[in-house]
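Here the structure comes first, spelled out in structure tokens, and everything after it is commentary.
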Amino acid sequence: MNTRNDINSSSFAERLNRIHNLRLMRNTTSELSAHTGIQLGNNSFSRKSPFITRCIYSEFAREVAERTGFDLDDLLTNYAKASVYYEKIKGTKRSQPEFHRNVLRCLLDEKFAETADKAYRVAAKAAAGFNQPLLLLLITDLIPTFRSRTGDVSPTILLEQLTQLRDFLRPLYMSCTFPSAPYLIQQYKAYARRIHDGECVTRLDLIYFAVDIYANLENNYIPRQNFLANQYVYQHLLHPDLESGIWRERDCGGPNPIYWFFDSLGGEYIVIRKEFNRQQRQVKETYYELYIWQNEDRPSFMLYKEDQLSNLLQGRPLSERACMLGSVTTNDMEHPTSLELAFHTNCYEQFPTHLTRIADRADRAFMDNLTDGTWATIYDGLHAEYGAIERVITAYSIYLEYASETLSDGRRRVTSWVRIPRTGLLEQADIVTPMVRIHYDQRIYLEIIPQNYIVDITDEDSIRQSGLDVVDSIVVEYPEPETDALAQ
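Heads up: the sequence shown begins at 1 in full-length UniProt numbering, then just goes up one per residue.
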């Protein structure tokens, strides 16, 4: 049974027996017996009428779709095909988990594949046609092969297998520039919590976990997938009025008051924590970047500390602790006076979970009472400055402001531009695409945000090293008109 036709041609009883033997829907025979109302043993479904087995299979298909979004026939087909391939490579180095992790790197990361050992590249080509999450689970011995007869599975075993899978996948996140390892940890904790709470978690959920995390890895490694994920966030950004307020943490006391401020940066926020030290007459400022977007049925957030920016700008992998994810609750999404953040990952920076607006930001008297203008400002780590950037988009190029001058009437005139070829994902960039100029650690960068395109423009040497050039004027390019073959 290794093709979709085999699945379709097999009887419903055969499919149900396979589901039972694999413990996909329930962890024990007794649990599945109670669920179906049938006293089950080996191949028990074969003794039931075609009508009964068709009805049960239909109900299983509905349950699988509700729990995971999978098509049950597709799942069984992919499981069977991956098992056949695994049986062929079993006992060879291709079936070794550490070897297979590099095979996955080849499938996910084109740059890694270009310089990887031939053995990894050949194995990746051979494995490319199979369902990667299922093959991964087979190679790590976390699920049995499709035709196996396995015994009951305990919740304790499932939790151990979930932990093994998390630990196997974690190094893959450390190799990509824009890691979402917090997502891996978030999902792991959610499943572990469900197991501890006694919910129904089975091998079906283990498979779904692997599929979900693999899709997240694709979003991190594959530029096109990363762009689509970013595009989804930007299309669903929420922008409540946080900027016009001065905010304070709930139950925040002590001699040194702490206040929070929000500045708008396109569709996101720069969040500033200000701690006022009266004894030393210092204001310590810590900066974060915050995105809030509508994630399906609830507002979600992504938060990271600004001191991670150097890795991002220089194309180095971010640390696992760089990014924090969670959901947002407000009393009013347009003009909130309270903001609650539920962290689905660890809150590494001890960011507050509840902020309350205590004054309008226009009320300067409030801040005047805190300082007299002579206090020193110190920064927690390096501080970035963000600025708007002029841009012109033509058919084949993106022109971003490089240098400008201020005219006598106060207006600004761009005197030179960085010209960027509009190729690949940059073909999707247009006049409203979020772009920003960043001053950080004595360097200047331009970023086209959804495409994760960052270029150092500190000087012309930096620009040339990026394969770009600086121009004084803009050439308006027009696409070649398409030839009408019928007119010739």
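Each residue gets a CB set at the ideal place from its N, CA and C atoms; glycine is no exception.
Item: For the structure I just gave you, are there three or more beta carbon pairs, one from the region 406-426 and one from the region 453-461, closer than 8 Å?; Value: yes
Item: How is Met174 classed by DSSP in three states: helix, strand or coil?; Value: helix
Item: Out of Leu217, Tyr208, Arg412, which has the shortest C-alpha to C-alpha gap to Glu66?; Value: Tyr208
Item: Expressed to the nearest angstrom, what Euclidean distance is found between the alpha-carbon atoms of Arg194 and Thr29?; Value: 21 Å
Item: Count the other CB atoms, across all protein chains shown, that sit within 10 Å of the CB of residue 492; report buried if there are 16 or more and exposed otherwise.; Value: Residue 492 cannot be examined here, being either before or after the span of the chain that is shown, 1 to 488.
Item: Does Tyr478 come out as helix, strand or coil in the three-state DSSP assignment?; Value: coil
Item: What's the C-alpha gap between Pro257 and Glu275?; Value: 6 Å
Item: How would you write the range of the beta strand (DSSP E) that His354 sits in, first residue to last?; Value: 354-360
Item: Take every Cβ of the region 34-47, pair it with every Cβ of the region 116-125, and state whether three or more of those distances are shorter than 8 Å.; Value: no
Item: How big is the Cα-Cα spacing for Tyr269 and Ala127?; Value: 43 Å
Item: Excluding five sequence neighbours on each side, which residues of the same chain lie with their C-beta closer than 7 Å to the C-beta of Ile56?; Value: Leu16, Thr36
Item: Considering Cα atoms alone, identify which of Thr202, Leu407, Asn311 is closest to Pro155.; Value: Thr202
Item: Report buried or exposed for Leu382, applying the criterion of at least 16 other Cβ atoms within 10 angstroms of its Cβ.; Value: exposed
Item: Hey, would you say Thr145 sits closer than 8 Å to Tyr86, going by beta carbons?; Value: yes
Item: Could you tell me the boundaries of the alpha helix (DSSP H) in which Arg121 lies?; Value: 118-127
Item: Given a threshold of 16 other Cβ atoms within 10 Å of its Cβ, counted over all protein chains shown, does Met435 qualify as buried or as exposed?; Value: buried
Item: If we ignore side chains and look at the alpha-carbon of each, how far apart do Leu341 and Asp409 end up?; Value: 45 Å
Item: Nearest to Val414 by CA position, among Met174, Leu238, Arg391, is which residue?; Value: Arg391
Item: Who are the Cβ neighbours of Leu425 in its own chain at under 7 Å, not counting the five residues just before and after it?; Value: Pro223, Arg224, Phe227, Gln451
Item: According to DSSP, Asp73 sits in a beta bridge with which residue or residues?; Value: Asp73 pairs with nothing; no bridge assigned.
Item: What are the uninterrupted segments assigned as beta strand (DSSP E) that are 3 or more residues long and contained completely in the region 277-340, given in chain order?; Value: 282-295, 298-305, 323-330
Item: What separation, rounded to the nearest whole angstrom, lies between the Cα atoms of Glu243 and Asp360?; Value: 9 Å
Item: Go ahead and label Leu407 buried or exposed: buried means 16 or more other beta carbons lie within 10 angstroms of its beta carbon, across all protein chains shown.; Value: exposed
Item: Which of the three DSSP states is assigned to Val64 in this structure?; Value: helix
Item: I'd like to check one pair, Tyr183 with Leu325: are the Cβ atoms closer than 8 Å?; Value: yes
Item: Quick check: Leu165 and Thr140, are their CB atoms within less than 8 Å of each other?; Value: yes
Item: Kindly indicate the opening and closing residues of the beta strand (DSSP E) around Thr415.; Value: 412-421
Item: Please report the straight-line C-alpha distance between Glu14 and Leu32, rounded to a whole angstrom.; Value: 16 Å
Item: Where does the unbroken alpha helix (DSSP H) through Ala229 begin, and where does it stop?; Value: 223-235
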